[in-house]
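Residue numbers (the numbering used here): 555 to 624. Ideal Cβ placement from N, Cα and C applies to all residues, glycine included. These numbers were taken from a predicted model, which means no experiment stands behind them. Everything on this sheet refers to the single structure shown next.
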Amino acid sequence: MQNLKFAFSSIMAHKMRSLLTMIGIIIGVSSVVVIMALGDSLSRQVNKDMTKSQKNISVFFSPKKSKDGS
């Protein structure tokens with residue numbers, strides 16, 4: 555309980571530092587969330603576009619040639 559009182563009094567004594575720390579944490583967490591959302595959205599869009607474009611594609615594999623060219 556005494557630790558909580560000490561923490562609260564420290565926060566109140568250094569209001570500007572506490573405010574800047576909170577802003578930094580908010581910006582950091584928001585940045586991670588936005589980057590993750592953009593990555594997920596981009597991945598879904600690429601998968602959707604690839605699926606759409608692969609409907610009329612045929613892939614043929616030819617056997618490897620030997621070293622002597624035959």
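Q: Scan the stretch 564-594 and note each continuous beta strand (DSSP E) run of 3 residues or more that stays entirely inside, going in chain order.
A: Fully enclosed beta strand (DSSP E) runs of 3 or longer: not present.
Q) What is the DSSP secondary structure of Lys602, reduced to helix, strand or coil? A) Here DSSP, grouped into helix, strand and coil, assigns Lys602 to helix.
Q) Hey, would you say Ser572 sits closer than 8 Å to Ile581, going by beta carbons? A) It is not a contact, given that the beta carbons lie outside the stated cut-off.
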